[in-house]
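Only one structure is covered here, and it is reproduced in the block below.
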Amino acid sequence: MRELHLKRCDFEVEWFSGSGGGGQHRNKHDNCCRIRHIATGLSAIGTANRERIANRRDAFQVLAARILDHYRKADAPVRRTTDEVVRIYHGARNEVIDKASGIRDTFKRVVVDAEPGVVIEARRNAILQREMIDAESEQLSNVRLQKRHG
0 MRELHLKRCD
10 FEVEWFSGSG
20 GGGQHRNKHD
30 NCCRIRHIAT
40 GLSAIGTANR
50 ERIANRRDAF
60 QVLAARILDH
70 YRKADAPVRR
80 TTDEVVRIYH
90 GARNEVIDKA
100 SGIRDTFKRV
110 VVDAEPGVVI
120 EARRNAILQR
130 EMIDAESEQL
140 SNVRLQKRHG
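Under numbering that gives the first Met the number 0, residue 149 is the last one in the sequence shown; the count climbs by one each step, no gaps.
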């Protein structure tokens, strides 16, 4: 994960009066804190204490956790999901069909006996073969571009 360097100018701090229990000190003084991180728009509030310092500390702790979580999610690799049918399990016909590799195997062997190794290995081989074809076509297009501009 990348390093974050945050400064005071990256935040907006707003003070407001609280509500609820705590009496006059809580209701008439601006002791509650709302802090907003300007770059992400994330915010947190601190209202649990009667003291400004404690409320600001609590709000910064919550906001820091939210900012870290935000940037972790942004840096995380995106998993591709698709609605494409990968495999068909047909118990009545006693067969499993893998769409990527085209292999067909018996339903009993793959599902009931829990031996999906044949289908998985065929799928791996199909993916590797597809990647090799993609790499070769990319090399060919690079060679064509070099010939045109060379």
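Yeah, the Cβ is synthetic: ideal placement off N, Cα and C, and Gly gets one too.
- Of all alpha-carbon atoms in MET131, ARG35, ARG108 and ARG65, the one lying nearest the alpha-carbon of GLY90 is that of ARG108.
- Its Cα nearest to that of LEU67, the residue HIS36 stands out among SER16, HIS36 and PRO76.
- Of the residues assessed, LEU3 falls on the exposed side of the cut-off, its CB having fewer than 16 other CB atoms within 10 angstroms.
- Taking all protein chains shown into account, ILE87 has fewer than 16 neighbouring C-beta atoms within 10 Å of its C-beta and is therefore exposed.
- When secondary structure is reduced to three states using DSSP, ARG33 falls in the strand class.
- Under a 10 Å Cβ-count criterion, ILE126 is classified as exposed, with fewer than 16 other Cβ atoms of the shown protein chains found around its own Cβ.
- Separation of the CB atoms of ILE52 and SER42 is rounded to 19 Å, and the pair is thereby denied contact status at 8 Å.
- Note on ILE102: 16 or more other CB atoms within 10 angstroms of its CB, so buried under the neighbour-count rule.
- Rounded to the nearest angstrom, the gap between the Cα atoms of ASN54 and LYS27 is 16 Å.
- Annotation for ASP97: no alpha helix (DSSP H) segment contains it, though the beta strand (DSSP E) segment containing it runs 94-97.
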